[in-house]
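> Below is a structure I'd like to ask you about.
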Amino acid sequence: MPRVIHDPAEWRAFCRSLRAYGGLGFVPTMGALHAGHLSLCRQAIVAGNANVVVSIFVNPTQFNDQADLAAYPRVLEADLHKLASVGVTAVFAPAYDGIYPDSYRFRMSEVELSRLYCGAHRPGHFDGVLTVVLKLLQLTGADAAYFGEKDYQQYMLVRDMAAAFFVPTAIVPCPIVREANGLAMSSRNERLSLTDRVAAGAFHRALVDGTSADQARQRLLAAGFEVDYVADIADAARGIRRRIAAIRFSGIRLIDNIGLTATGEATDV
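Quick note: the sequence shown uses the numbering used here, first residue 3, plus one each step.
Here's what the structure looks like:
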């Protein structure tokens, strides 16, 4: 089983000791792990890191809906068994006071991209995300941190924040892992009934089949989803385009995105 550390100072010292043995990869999570999370760990291992470590912390500052926070699954023991199966060295599982000794008095804020898309529908969400990620990156001091592309807006913000504040950890994007029907894997999927989980596969298909963001929105509405947004965006840093979207279905908020060609055609199938 991975070693479990709760104290931030102990975690910092332990990670510093690991770096003496070679590369250190880091995967930050909120737990309730699924195959998508494990794929990040595997990518970190395949990249040649001598050790891969994971954080599990349900970060309350990124939830603007307290009911959503309360419903988020907390299954540390099950998560540890999954991480053991892929060879993770250690897990950081801090308490709130360990991460926020200042009670969130100091926070990270980005004033452009974070106000759009998911940020427009979840006020304060990305302030919480960026604050906790910056703390975790500083505590861990990894050579590389691995983030899934499912939340592409989050990936862009974390990458740009790390560059702006000279964080030496490389921010590595990893491909979305999907269920058989195309639904992007998410801890929130567990809150869908089996019937709804099958039906939710239409989310990805609408993004792929829509010839524009507006047409994809119309397909989502026709499929019975409540649509927060659909947008085609450019990631200038990587020279690529993505179609990003968020919906609500059976009371659960889901996000997804696909790659686009320069002419707006889906690169996903």
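Cβ atoms here follow ideal geometry from the backbone N, Cα and C, with glycine treated the same way.
Would you check if there are 3 or more beta carbon pairs closer than 8 Å linking the stretch 155-171 to the stretch 114-130?
Yes, the stretch 155-171 touches the stretch 114-130.
> Suppose only complete runs of 4+ residues qualify. What are the alpha helix (DSSP H) ranges in the stretch 166-244, listed by chain order?
196-201, 204-211, 215-224, all fully within the stretch 166-244.
> Pull up the distance between the alpha-carbon of Phe59 and that of Leu223, whole angstroms please.
Straight-line Cα distance between these residues: approximately 34 Å.
> Starting from Pro30, trace the beta strand (DSSP E) both ways and give me its first and last residue.
26-31 is the span of the beta strand (DSSP E), which, as asked, contains Pro30.
> On a Cα-Cα basis, can you pick out the residue from Leu40, Val93, Met3 that is closest to Glu12?
Considering only alpha carbons, the answer is Val93.
> By the three-class DSSP mapping on this structure, what secondary structure does Arg250 have?
DSSP places Arg250 in strand when its eight states are reduced to three.
> Three or more C-beta pairs closer than 8 Å, one from the stretch 163-178 and one from the stretch 96-105: is that the case here?
No contact exists between the stretch 163-178 and the stretch 96-105.
> Which residues does DSSP list as the beta-bridge partners of Gly143?
According to DSSP, which records beta bridges pairwise, Gly143 is partnered with nothing at all.
> Alpha carbon to alpha carbon, how far is Asp67 from Phe128? Give it in angstroms, no decimals.
C-alpha separation (whole angstroms): 14 Å.
> Suppose the cutoff is 7 Å on Cβ atoms and the five residues either side in sequence are ignored; what does the same chain contact list for Arg207 look like?
Within the same chain, Arg207 has close Cβ partners Gly184.
> Please report the residue range of the alpha helix (DSSP H) in which Val48 lies.
37-48 is the span of the alpha helix (DSSP H), which, as asked, contains Val48.
> Verify whether the separation of the beta carbon atoms of Gly143 and Cys43 is less than 7 Å.
Result no, Cβ atoms of Gly143 and Cys43 do not sit closer than 7 Å.
> Count the other CB atoms within 10 Å of the CB of Ala247; is the residue buried (16 or more) or exposed (fewer)?
Buried: at least 16 other Cβ atoms inside 10 Å.
> Measuring alpha carbon to alpha carbon, tell me which of Gln220, Val229, Leu35 ends up nearest Asp81.
Answer by Cα proximity: Leu35.
> Measure the beta-carbon distance from Ile260 to Val229 and round it to whole angstroms, keeping in mind my assumption that it falls under 8 Å.
About 16 Å; that fails the 8 Å criterion.
> Where does Tyr106 fall in DSSP's three states?
In the structure shown, Tyr106 sits in coil (DSSP, three-state: anything other than H, G, I, E or B).
> At what residues does the alpha helix (DSSP H) containing Phe65 begin and finish?
Run containing Phe65: none; DSSP gives neither H nor E here.
> Apply the 10 Å Cβ neighbour rule to Glu79 and answer buried if 16 or more other Cβ atoms are within range, or exposed otherwise.
Burial call: exposed.
> Give me the Cα-Cα distance between Leu122 and Gly27, rounded to the nearest whole angstrom.
Looking at the sequence provided, one finds Ala at residue 122 rather than Leu. Those two C-alpha atoms are separated by around 32 Å.
> Rounded to whole angstroms, what's the CA-CA distance from Gly150 to Ile178? Just pull it up for me.
Their Cα atoms are separated by approximately 6 Å.
> Report back the beta-carbon spacing between Ala215 and Val232 to the nearest angstrom; my notes put them in contact at under 8 Å.
Correct: roughly 5 Å between the Cβ atoms.
> Assign Tyr74 to one of three DSSP states: helix, strand, or coil.
Here Tyr74 sits in coil by DSSP.
> Tell me the DSSP secondary structure of Phe149 in three-state form.
Three-state DSSP puts Phe149 in a strand.
> Suppose contacts are defined by Cβ-Cβ distances below 7 Å. Is Val160 in contact with Val134 by that definition?
Contact flag unset, no.
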